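J.:
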Amino acid sequence: MATLKEQIEDRLREYDHWATRRRYGAEGPNNRRLWVLACMDERLPVDEALGIRVDTPAGAGDAHCFRNAGGIVTDDAIRSAMLTCNFFGTEEIVIVQHTQCGMLSANAVDLEAALKKKGVDTDNLTLDPTLPELKLERGAFAKWIGMMDDVDETCMRTIAAFRNHPLIPQHVVVSGWIWEVETRRLRAPTKEAEKRARTDVRAVQFGVKGKQPARWA
Ligand SMILES: [Zn+2]
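Position 192, counted from 1, in the sequence shown is what numbering that gives the first Met the number 0 calls 191; the numbers after and before it change by one each time, with no gaps.
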């Protein structure tokens, strides 16, 4: 049996390796070699939904987690996934979107109009002040907001976008899931009405009129 002295020495060595993980690149991955993309919504508990512990306790940490409005494909989501999958040893992507999402609650065209009313020139914006090269074409702002018509459909398309993106290595396993806020359980994205019953998954259920500007076109 190891002495306490040896156990403490092991523990300190392990902790040091954990604390300095990132300098080992692909040899210092997070515990599950996992990148999670999730909506920023406070009713989506990522750890509970996936049965993991994203960033605690010390010495552990199951995943790199990226959250944005909707848990959708954006240039920064792609950037983050590219880094973790190519350089930090990540081999799996899990996407979590959810019912009752705020991204279903309005039409992006109306949101753009509201910003214009506040004096924002949505056709001439610096999106990222540190990268003025990153530009939207004229008329693309509402599309950029990324509101959804249907969360299950968006989730399926998000999965496909990461599977097919040239910056994500082919061997990376990609899956996507819907967290039902109403029932507090996880399910696969589906088009079957029966499986979506009693949950709000479409913008029309929020009273939104008209289709969203087509981000996927
Ligand atoms: Zn959401």
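Even glycine gets a Cβ: it sits at the ideal position worked out from N, Cα and C.
Because the structure is a prediction, the values reported are computed rather than measured.
Measure from the alpha carbon of K210 to the alpha carbon of each residue in D120, M146, R184, then state which is nearest.
T.: M146
J.: Let's see if you can read the secondary structure: which residues bound the beta strand (DSSP E) around V45?
T.: In the DSSP assignment, V45 falls outside any beta strand (DSSP E) and lies within the alpha helix (DSSP H) extending over 45–49.
J.: Judging by CA-CA distance, which residue of N30, A37, V72 is the nearest neighbour of A62?
T.: N30
J.: Between which two residues does the beta strand (DSSP E) containing A296 stretch?
T.: No answer is possible for residue 296: it lies beyond the span of the chain, which begins at 0 and ends at 216.
J.: Since V172 and V95 are thought to touch, with beta carbons under 8 Å apart, how far apart are those beta carbons, to the nearest angstrom?
T.: The pair is not a contact, with the Cβ atoms about 15 Å apart (cut-off 8 Å).
J.: Just curious, the beta strand (DSSP E) that S174 is in, first and last residue?
T.: DSSP places S174 inside the beta strand (DSSP E), whose first and last residues are 172–179.
J.: C38: beta carbon under 7 Å from a heavy atom of ligand 1?
T.: At a cut-off of 7 Å, the beta-carbon of C38 counts as near ligand 1: some heavy atom of the ligand is closer than that.
J.: Quick test of the definition: if touching needs 3 or more C-beta pairs under 8 Å, does the region 123–141 touch the region 156–172?
T.: no
J.: Are there any heavy atoms of ligand 1 lying less than 7 Å away from the beta-carbon of M146, as far as the coordinates show?
T.: no
J.: Given the structure, does C64 come close to ligand 1, in the sense that its CB is under 7 Å from one of the ligand's heavy atoms?
T.: Because no heavy atom of ligand 1 lies under 7 Å away, the Cβ of C64 does not count as near it: no.
J.: Rounded to whole angstroms, what is the Cα-Cα separation between I158 and K4?
T.: 48 Å
J.: Please look up how many angstroms separate the CB atoms of R93 and L33, rounded, as I've assumed it's under 8 Å.
T.: The residue you asked about is not Arg; residue 93 is Val in the sequence shown. Confirmed, about 6 Å.
J.: So, is G60 buried or exposed, given that buried needs 16 or more other C-beta atoms within 10 angstroms?
T.: buried
J.: Starting from N67, trace the beta strand (DSSP E) both ways and give me its first and last residue.
T.: 62–67
J.: Taking the CB atoms as reference points, tell me whether G24 and F86 lie closer together than 8 Å.
T.: yes
J.: Quick check: the Cα distance between E47 and E181, rounded to an integer number of angstroms?
T.: 15 Å
J.: Does the separation of the CB atoms of I144 and E111 fall below 8 Å?
T.: yes
J.: Exposed or buried, R236, counting other C-beta atoms within 10 Å across all chains shown (16 or more means buried)?
T.: Since the first and last residues shown for the chain are 0 and 216, residue 236 lies out of range.
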